[in-house]
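A.B. asks: Heads up: the sequence shown begins at 1 in full-length UniProt numbering, then just goes up one per residue.
Glycine residues also receive a C-beta, built at the ideal position from the N, C-alpha and C atoms.
Predicted model only: the values in this text are computed from it and were never measured.
Okay, handing you the structure first.
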Amino acid sequence: MLNRVWLVFFLISLLAIGVQLANGHIEVLANAVEALFASAKLSAEIALGLVGVLSLWMGLMRIGEKAGVVGAIAFIFEPLLRRLMPEVPKGHPAFGSMTMNLTANVFGLDNAATPLGLKAMQDLQSLNPVTTVATNAQILFLVLNTSSVTLVPVTVFLYRAQQGAAAPADIFLPILLATSASTLAGLLTVAFVQRLSLLNAVVLGYGAVILSALVASGFYLMTLTAEAIGTVSTAMGNGILLLLVFSFVLVAGVRKVPIYDEFIEGAKAGFNQSIQLIPYLLAMLLAIGLLRASGALDYLLQLIAGGVSLFGLDTRFVDAMPTALMKPFSGSGARAMMLETMAHHGVDSFAGRLAAIFQGSTETTFYVLAVYFGSVGIRHGRHALACGLTADFAGISAAIAVCYWFYG
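Dropping the structure here:
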């Protein structure tokens, strides 16, 4: 799959460059060459940036596993995850690392979510009979990460506040609805492909509890100002992280675990893993960089606008589509598109709000796929990309629908 995707990206980029040259835009050649070298630099910067944080969390996770704290955390969601991932045996360490990763994602703790996710992927890889091919459990876990399960997108609120929004947090509920639709679509798609049964008491029971918690949290947070939401979210996230760190170390100390030695061993593994990511990141960022520099995404946007106009439909959502189209490829690129849309159309305009909802409810699918699978050497992702993009499409569609519903 990844071999074909890589080739398609290059072919599309080459075609777009040809069209640009035919229209007299010779500068596209310099842009494409610059994208090649910029991708190489960026891949190394991202991987090196992960060295410290990945070493930190891999070291702490090793202490937590030896202390038994990770196993205790896994107890919370293991019944649900075992129904969704039947090939993972009861009591496996992957349940704990997956639970902590998903929790970190919900609270928007990116610095912890990525290394915890890589640890979970590594744990799942220990059960993989063919190390270069993704297992069903690894695919489901990756799709859950690409569906952007975030309760409070504080950074989006911050950008809206900086742009002068009257009520920066008024898009909270639309983002929650859109990201929930994305997650549900990803889960249902994987369940269909892998023939998982979701109609059982455990899955439905957990679903009801999670939905109730989301609704209750949503109604509570909607009573707060943007600043208060940011304060509550930050305090809860930081508190959870510190609670994990101290519980790992203190419980390990009580159980006579050699804390320092175990941390060093885990940190060594994290260091090696972060360096191993560079080739995989480079390959994906190179293809994405060419796609952006060639102008292919701009042509796609023009095609969408023309199609919508042809059918006489409301075209207001098209002004925010650059953010949606960029997000699966580049988080920083999508952020730039969102800010440009806010500045051009107004932060409280329909397009400005929709761009912010896109930013808060979708994820950088290709980046996540490259990092998570690259960290364990997987080259054949099977149906992972298709399911992840399906979740993205559902999130984008839901974002457009709720934006018309709330602000249409």
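Look up valine 156 in the DSSP assignment and say whether it is helix, strand or coil.
C.D. replies: Correct three-state label for valine 156: helix.
A.B. asks: Valine 88 and leucine 127 look like a contact to me (Cβ under 8 angstroms); what is the Cβ gap, rounded to whole Å?
C.D. replies: Indeed they touch by this definition, with Cβ atoms about 6 angstroms apart.
A.B. asks: Look up residue 419 in the DSSP assignment and say whether it is helix, strand or coil.
C.D. replies: This structure gives no information on residue 419, because the portion of the chain shown stretches from 1 to 408.
A.B. asks: Taking the alpha-carbon positions, what's the tyrosine 367 to alanine 399 distance?
C.D. replies: Going by the C-alpha atoms only, they are around 21 angstroms apart.
A.B. asks: Ordered along the chain, which non-local residues of its own chain (more than five positions away) have a Cβ less than 6 angstroms from that of phenylalanine 329?
C.D. replies: Here the set comprises Ile288, Phe366.
A.B. asks: With a Cβ-Cβ cutoff of 9 angstroms, do valine 371 and leucine 118 count as a contact?
C.D. replies: A contact, by the Cβ cut-off of 9 angstroms.
A.B. asks: Over the uninterrupted alpha helix (DSSP H) stretch that includes alanine 166, give me the two end residues.
C.D. replies: Premise fails: alanine 166 is in no alpha helix (DSSP H) and is neither H nor E.
A.B. asks: In whole angstroms, what is the alpha-carbon distance linking leucine 196 and valine 190?
C.D. replies: Distance between the alpha carbons of leucine 196 and valine 190 is about 8 angstroms.
A.B. asks: Can you tell me where the alpha helix (DSSP H) holding arginine 62 begins and where it ends?
C.D. replies: From DSSP, the alpha helix (DSSP H) with arginine 62 extends over 27-67.
A.B. asks: State the DSSP-derived secondary structure class of valine 133, mapped to helix, strand or coil.
C.D. replies: DSSP places valine 133 in strand when its eight states are reduced to three.
A.B. asks: Would you mind listing the alpha helix (DSSP H) stretches within the UniProt domain "Nucleoside transporter/FeoB GTPase Gate" (275-378) that are 4+ residues and don't spill past its ends, in chain order?
C.D. replies: Counting only runs of 4 or more, we get 278-293, 296-310, 321-326, 331-345, 350-361, 365-374.
A.B. asks: State the Cα-Cα distance for the pair serine 349 and valine 19, rounded to the nearest angstrom.
C.D. replies: Taking the straight line joining both Cα atoms gives about 33 angstroms.
A.B. asks: To the nearest angstrom, report how far apart aspartate 319 and glycine 395 are at their CA atoms.
C.D. replies: Distance between the alpha carbons of aspartate 319 and glycine 395 is about 17 angstroms.
A.B. asks: With DSSP as the reference, label glutamate 227 as helix, strand or coil.
C.D. replies: Of the three classes helix, strand and coil, the one that applies to glutamate 227 here is helix, per DSSP.
A.B. asks: Please report the distance separating the alpha-carbon of glutamate 262 from that of isoleucine 76.
C.D. replies: Taking the straight line from one Cα to the other gives about 25 angstroms.
A.B. asks: May I ask you to report which of helix, strand or coil DSSP gives phenylalanine 271?
C.D. replies: Phenylalanine 271 falls in the helix class under three-state DSSP.
A.B. asks: Going by the beta-carbon positions, is the gap between isoleucine 378 and threonine 132 smaller than 9 angstroms?
C.D. replies: Going by C-beta atoms, isoleucine 378 is nearer than 9 angstroms to threonine 132.
A.B. asks: Rounded to whole angstroms, what is the Cα-Cα separation between tyrosine 159 and glutamate 340?
C.D. replies: Roughly 11 angstroms separates the two Cα atoms.
A.B. asks: Alpha carbon to alpha carbon, how far is glycine 96 from lysine 66? Give it in angstroms, no decimals.
C.D. replies: About 12 angstroms.
A.B. asks: Got a sec? Which residues, its chain only, sit under 8 angstroms from tyrosine 299 by beta carbon, not counting five neighbours each side?
C.D. replies: Ala16, Val19.
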